[in-house]
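Data first, discussion second: the structure below is written as structure tokens.
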Amino acid sequence: MADLTQFTLAEARDALAKKDFSAAELAETYIKAVQAGRDLNAYITETPEVALERARESDDRRAKGAPIGAMDGLPIAMKDLFCTEGVLTTAASHILDGFVPPYESTVSANLRSAGAVMLGKTNLDEFAMGSANITSYYGPVKNPWKAKGGANVGKDLVPGGSSGGSAAAVAAGLAMAATGTDTGGSIRQPASFCGITGLKPTYGRCSRWGVVAFASSLDQAGPMTKTVRDAAIMLGAMAGHDPKDSTSAAMAVPDFEAALTGDIRGLNVGIPKEYSMDGMDPEIQALWDKGQEWLKAAGANIKQISLPHTKYALATYYIVAPAEASANLARYDGVRYGLRVPGESLDDMYMNTRGEGFGEEVQRRILIGTYVLSSGYYDAYYIKAQRVRSLIANDFKTAFKDVDVILTPTAPTAAFPLGEKQEDPVAMYLNDVFTVPTSLAGLPGMSVPAGLSKDGLPLGLQLIGRAFDEETLLRVAGVMESAAAFSFHHGLEV
Amino acid sequence: MSYVIKGETGDWEVVIGLEVHCQVISNAKLFSGAATDFGSEPNTQVSLVDAAMPGMLPVINEQCVRQAIKTGLGLKAKINTKSVFARKNYFYADLPQGYQISQADQPIVGEGTVILDMPDGSSRAVGIERLHLEQDAGKSLHDQDPTRTFIDLNRTGVALMEIVSKPDMRSPEEAGAYLRKLRSIVRYLETCDGNMDQGSMRCDVNVSVRPKGSTELRTRAETKNVNSVRFAMQAIEYEAQRQVEIYDNGGEVVQETRLFDSQKGVTRSMRSKEHAHDYRYFPDPDLLPLVFDDALVAEIKTTLPELPDERKARYVGEFGLSPYDAGVLVQEKDTATYFEAVALGRDAKMAANWVINNLFAVLSDRGVGITESPISAADLGKLLDLIADDTISTKIAKEVFEVMLETGDAPDKIVEDKGLKQITDTGAIEAAVDAAIAAGPTQVAQYKGGNEKILGWFVGQVMKSTGGKANPGQVNKLLKDKLDN
Chain H
1 MADLTQFTLA EARDALAKKD FSAAELAETY IKAVQAGRDL NAYITETPEV ALERARESDD
61 RRAKGAPIGA MDGLPIAMKD LFCTEGVLTT AASHILDGFV PPYESTVSAN LRSAGAVMLG
121 KTNLDEFAMG SANITSYYGP VKNPWKAKGG ANVGKDLVPG GSSGGSAAAV AAGLAMAATG
181 TDTGGSIRQP ASFCGITGLK PTYGRCSRWG VVAFASSLDQ AGPMTKTVRD AAIMLGAMAG
241 HDPKDSTSAA MAVPDFEAAL TGDIRGLNVG IPKEYSMDGM DPEIQALWDK GQEWLKAAGA
301 NIKQISLPHT KYALATYYIV APAEASANLA RYDGVRYGLR VPGESLDDMY MNTRGEGFGE
361 EVQRRILIGT YVLSSGYYDA YYIKAQRVRS LIANDFKTAF KDVDVILTPT APTAAFPLGE
421 KQEDPVAMYL NDVFTVPTSL AGLPGMSVPA GLSKDGLPLG LQLIGRAFDE ETLLRVAGVM
481 ESAAAFSFHH GLEV
Chain S
1 MSYVIKGETG DWEVVIGLEV HCQVISNAKL FSGAATDFGS EPNTQVSLVD AAMPGMLPVI
61 NEQCVRQAIK TGLGLKAKIN TKSVFARKNY FYADLPQGYQ ISQADQPIVG EGTVILDMPD
121 GSSRAVGIER LHLEQDAGKS LHDQDPTRTF IDLNRTGVAL MEIVSKPDMR SPEEAGAYLR
181 KLRSIVRYLE TCDGNMDQGS MRCDVNVSVR PKGSTELRTR AETKNVNSVR FAMQAIEYEA
241 QRQVEIYDNG GEVVQETRLF DSQKGVTRSM RSKEHAHDYR YFPDPDLLPL VFDDALVAEI
301 KTTLPELPDE RKARYVGEFG LSPYDAGVLV QEKDTATYFE AVALGRDAKM AANWVINNLF
361 AVLSDRGVGI TESPISAADL GKLLDLIADD TISTKIAKEV FEVMLETGDA PDKIVEDKGL
421 KQITDTGAIE AAVDAAIAAG PTQVAQYKGG NEKILGWFVG QVMKSTGGKA NPGQVNKLLK
481 DKLDN
């Protein structure tokens with residue numbers, strides 16, 4: 001039999017329908033792969049029993065001729081930021097020690113009702129704060145890719161973050177697909193680093209209910225998959241209006257897969273000049289140029305556009321996101337669940353618990369957030385950041401009058417070695433320079449693997465779409481994927 | 001009425017503003033579906049949202065919004081069709097989220113007015129600054145265990161309306177009248193039960209003082225969580241005196257939060273400005289701005305009951321009651337309902353007199369409310385009917401009233417059983433009148449000499465001989481007729 005871990009969601013779906021193999025066989029294969037791939041530290045919690053049970057249920061449904069979901073029997077990984085009923089949920093933080101939610105997040109519940117089989121909970125940066133998956137209490141995740149040349153040969157590379165475990169798992173064949181969440185680039189940047197497809201939907205497309213919150217006005221769940229088609233399939237299963245999330249959009253979920261017509265003739269593709277930054281890696285620029293050629297060859301019009309407030313995006317993001325996080329993380333106080341480190345007084349207990357429970361990066365962001373909201377600084381930081389955020393959103397609004405989709409690089413570099421940039425938080429924050437503006441504007445963004453660096457590491461290109469127009473985004477992404485002819489398992493050391 | 005504090009350096013005036021927290025009458029909490037019943041077992045009315053479990057999100061309860069709009073309309077206030085929920089950040093063990101969802105610079109209700117009914121019958125307007133919706137916190141129970149504090153989250157997330165007055169009150173009495181009026185309004189509206197003893201209405205008292213005649217606003221102290229009208233008045237009195245003494249001694253009042261000790265009737269410092277929380281308000285990103293259209297406001301307006309001010313005006317205009325009597329009757333909705341049942345189709349002024357002068361004394365003696373009145377409105381009405389149709393005199397009616405209190409019997413039955421029916425038979429009365437005239441030749445002479453007051457002597461004689469049952473009007477008329485001829 002073919003190596004089942006090489007199957008895409010679409011291929012496995014069709015093979016299951018043809019009864020080439022059973023969901024249980026598929027699950028067993030993946031359970032073994034997960035165990036064999038533990039060195040990557042992609043999973044915090046493996047759930048083989050859950051996987052087998054759901055796979056058998058899927059086989060039963062098929063045997064009985066019961067209705068079959070869009071992802072029936074397909075084994076996926078769940079970023080450990082999604083609360084899963086009866087399964088340890090950590091957000092990769094010490095402070096959630098032993099936390100087993102009595103409830104299931106809407107997105108993971110949607111996937112479950114679509115028949116998906118959960119293999120386990122994947123590693124991430126603590127509370128999704130990071131761009132290299134090095135802030136996890138459960139240790140860093142290794143990128144399954146290795147450099148074939150250059151200074152980094154032989155070094156362990158980061159998978160990107162925060163959805164580093166999900167990206168590594170998909171790239172290494174430890175899951176057929178995985179959920180991610182993206183606040184400033186946490187789906188797209190690791191997708192780029194690991195050579196997979198990552199889609200951050202429009203803010204409001206997927207429910208945030210039951211997802212451990214980082215920055216509420218930015219957090220959005222999305223699929224991390226091997227292919228664009230898989231992203232379409234999985235997004236369809238994740239998305240939908242949820243009355244339990246007041247920011248969830250009351251919009252119907254289109255048939256995303258049907259949008260993959262391959263025809264982008266006459267579409268206008270915007271190239272924002274502000275994304276050509278000084279000192280940008282020539283490799284990245286070259287790949288970006290290549291992307292434009294591909295789309296042009298497929299019949300699209302390339303248009304130069306301007307997003308004038310781009311340079312303020314990162315600073316804005318690092319005010320808004322920590323501000324919201326400082327309040328969102330106040331609930332981890334040792335009183336009701338998770339870690340409690342006792343103290344002489346209530347305040348002592350708070351300090352002990354939060355001092356031990358939160359890692360350095362999380363503490364840094366709580367401090368930044370607390371500072372920018374504090375009396376006397378609020379107007380200068382938070383209010384100003386909100387104004388700039390509106391300007392950034394307006395930039396996109398204006399641009400989308402002339403273009404249907406925007407093409408940019410996903411990240412300024414390929415994956416870098418573990419341990420690098422660790423001492424300089426700002427250098428780390430620069431990883432998200434291309435992804436953060438989209439997040440601030442609430443727009444859908446998608447990273448598609450487009451090529452390899454000279455060292456043989458994957459590089460992604462980002463497509464940005466209009467609000468709730470993931471269909472156009474997917475359509476263009478599909479064309480680019482075909483043109484790039486990138487194989488997701490290309491450079492893996494097997 | 002002027003409230004002046006005599007200080008060593010001169011006369012001082014007190015400036016009072018009140019922040020009143022009213023628990024919204026609603027089946028569910030402000031942002032969760034958990035129930036809100038008072039007095040349930042600890043931690044039995046707690047949803048995942050209330051307990052601030054990871055990933056839980058607030059969803060606004062429309063009923064609470066409607067109640068806030070209704071209350072705003074009752075306060076004659078501006079309704080803001082767009083308002084914003086903000087997070088007020090602070091750590092406490094009974095605040096699971098680590099922030100309270102409240103409204104900061106964009107509340108749902110803006111400026112309004114409350115009319116105070118003062119004991120001397122005068123009225124006075126107090127401005128409302130704003131009303132906003134917010135979550136209540138849970139309860140910390142410090143008395144359950146010697147070393148530990150227990151937390152009850154039943155109240156966590158229950159909807160409160162915080163109603164903030166302008167600093168328009170100048171005496172403890174006005175503050176008391178304001179609280180009673182506010183309570184009356186929310187009870188009429190059925191948006192809050194107004195039960196201060198159960199904590200469903202709580203009050204923060206802001207007090208400052210200034211030299212009499214000055215218009216400045218000096219530093220205020222805020223006394224938190226005062227839970228009765230009387231305590232609020234006591235706290236103001238104490239605070240005003242304390243602050244005057246500080247100024248008299250050359251000191252400065254510090255801005256601080258204080259607590260009222262109801263045992264000792266004093267306020268004491270809870271935390272000073274240096275230790276004041278920096279609440280770091282910012283718009284709650286989990287909630288969109290609260291937006292509704294004017295049609296909703298208009299629809300809710302149609303559901304407003306007649307409010308105490310309007311009802312008072314009606315009692316004065318239609319029934320001819322004095323403003324004071326009208327004010328007393330409308331203060332509690334149940335009292336007004338009772339009164340109207342008595343007054344319906346009868347002499348309203350007489351009904352008001354009976355309710356205020358007779359019934360209230362009994363209720364107050366027995367320490368019960370109007371809903372537990374020993375005499376029903378129907379029976380009191382019947383008693384008034386018996387007076388109106390001359391079956392009994394007012395004097396006899398008071399006797400009957402006493403019997404009604406003792407036995408609970410209907411007034412007509414009592415009159416029947418005790419033979420108290422008034423003598424209206426002209427023949428019988430005439431005989432008694434003749435007898436009285438015959439018995440008092442000296443008094444007859446005095447009357448004829450111009451002493452009309454002596455008529456009372458004759459009436460007394462007739463009443464004595466008829467056991468008080470003769471109709472006084474008839475007696476008077478007959479006496480005059482006979483003596484004048």
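As given, the protein sequences belong to chains H and S, one line each in that order.
Start counting the first sequence at 1; every next residue gets the next number (my numbering).
Start counting the second sequence at 1; every next residue gets the next number (my numbering).
Glycine included, each C-beta is placed from N, C-alpha and C at the ideal position.
Check your understanding: Just reading off the alpha helix (DSSP H) that glutamine 189(H) is part of, what are its end residues?
Key -> 188-194
Review point. Nearest CA to the CA of valine 316(S): which residue from Tyr279(S), Gln63(S), Ile414(S), Lys349(S)?
Key: Lys349(S)
Review point. Buried or exposed: where does alanine 485(H) fall if 16 or more other Cβ atoms within 10 Å of its Cβ makes it buried?
Key: exposed
Check your understanding: Using a beta-carbon distance cut-off of less than 7 angstroms, what residues from the region 138-152 of chain H approach chain S?
Key -> none
Review point. Expressed to the nearest angstrom, what Euclidean distance is found between the alpha-carbon atoms of alanine 23(H) and threonine 149(S)?
Key: 51 angstroms
Check your understanding: Which word fits glutamate 493(H), buried or exposed, when buried means at least 16 other C-beta atoms lie within 10 angstroms of its C-beta?
Key -> Interpretation of glutamate 493(H) is limited by its pLDDT of 46, a score under 50 that renders its predicted location unreliable; no figure is taken from the coordinates.
Review point. Sorted by chain position, which residues of the same chain lie with C-beta nearer than 6 angstroms to alanine 393(H)'s C-beta, five sequence neighbours on each side aside?
Key: Ala441
Check your understanding: Shorter than 7 angstroms from the beta carbon of tyrosine 317(H) to some beta carbon of chain S?
Key -> no
Exercise for review: Taking valine 207(S) and alanine 177(S) to be in contact with their CB atoms under 8 angstroms, please state how far apart those CB atoms are, rounded to whole angstroms.
Suggested key: Going by Cβ atoms, the distance from valine 207(S) to alanine 177(S) rounds to 16 angstroms, so no, they are not a contact pair.
Check your understanding: By a C-beta neighbour count over all protein chains shown, 10 Å radius and 16 as the cutoff for buried, is asparagine 485(S) buried or exposed?
Key -> exposed
Check your understanding: Is it true that the CB of isoleucine 406(H) sits closer than 7 angstroms to the CB of isoleucine 368(H)?
Key -> no
Exercise for review: Note the first and the last residue of the continuous alpha helix (DSSP H) segment covering glycine 369(H).
Suggested key: 360-373
Review point. In chain H, which residues lie with their C-beta within 8 angstroms of the C-beta of alanine 298(S)?
Key: What alanine 298(S) touches in chain H: nothing, since even the nearest Cβ is about 25 angstroms away.
Point to revise | Distance, arginine 346(S) Cα to alanine 436(S) Cα | key: 35 angstroms
Review point. Can you list the residues of chain S that tryptophan 209(H) reaches, using a CB-CB cut of under 9 angstroms?
Key: Gly55, Met56, Leu57
Exercise for review: In the DSSP assignment, find the unbroken beta strand (DSSP E) run with glutamate 28(H) in it and report its ends.
Suggested key: That residue, glutamate 28(H), is in no beta strand (DSSP E); its alpha helix (DSSP H) goes 23-36.
Check your understanding: According to the Cβ coordinates, are serine 83(S) and glutamine 97(S) closer than 7 angstroms?
Key -> no
Check your understanding: When burial is assigned at 16 or more other CB atoms within 10 Å of the CB, is leucine 9(H) buried or exposed?
Key -> buried
Check your understanding: Which residues in the same chain as arginine 268(S) place their Cβ atom closer than 7 angstroms to its Cβ, once the five residues preceding and following it in sequence are excluded?
Key -> Arg258, Leu259, Asp261
Point to revise | CA-to-CA distance, serine 47(S) to glycine 7(S), given in whole angstroms | key: 54 angstroms
Check your understanding: Using the rule of at least 16 other Cβ atoms within 10 Å of the residue's Cβ for burial, across every protein chain shown, is serine 2(S) buried or exposed?
Key -> exposed
Point to revise | Interfacial residues, the region 257-283 of chain S to chain H, with Cβ spacing under 7 angstroms | key: Asp278, Arg280, Phe282
Review point. When DSSP builds the beta bridges, which residues end up paired with threonine 316(H)?
Key: Bridge partners of threonine 316(H): none, in fact.
Point to revise | 7 angstroms Cβ cutoff met for glutamate 46(H) and valine 34(H) | key: yes
**Study point:** Whole-angstrom C-beta distance between asparagine 143(H) and isoleucine 44(H), which should lie under 8 angstroms
**Key:** 17 angstroms between Cβ atoms; not a contact.
Check your understanding: So does the region 185-205 of chain H actually touch the region 154-171 of chain H, counting three or more Cβ pairs closer than 8 angstroms?
Key -> yes
Practice item. Would you decide whether methionine 251(H) is buried or exposed? Buried here means 16 or more other CB atoms lie within 10 Å of its CB. Key: exposed
Exercise for review: Within the region 200-259 of chain H, note down every full beta strand (DSSP E) run reaching 3 residues or more, in order along the chain.
Suggested key: 220-225
Point to revise | With 16 other Cβ atoms within 10 Å as the buried cut-off, status of glycine 491(H) | key: Caution is warranted here: a pLDDT of 47 is assigned to glycine 491(H), below 50, making its placement in the model unreliable, and no coordinate value can be reported.
Practice item. List the residues of chain S that serine 374(H) touches, going by C-beta distances under 9 angstroms, in chain order. Key: Asp278, Arg280
Practice item. Using a cut-off of 7 angstroms between C-beta atoms, extract the partners of glutamine 97(S) located in chain H. Key: Ala330, Arg331
Check your understanding: Considering lysine 88(S), what are the terminal residues of the alpha helix (DSSP H) in which it resides?
Key -> No alpha helix (DSSP H) holds lysine 88(S); the beta strand (DSSP E) holding it covers 86-89.
**Study point:** Proximal residues of chain S, C-beta to C-beta of serine 246(H) below 8 angstroms
**Key:** Leu57, Pro58, Val59, Ile60, Asp286, Leu287, Leu288
Exercise for review: Tell me whether glutamate 257(H) is buried or exposed, calling it buried when 16 or more other Cβ atoms sit within 10 Å of its Cβ.
Suggested key: buried
Review point. Does arginine 38(H) get closer than 7 angstroms to chain S when you measure Cβ to Cβ?
Key: no
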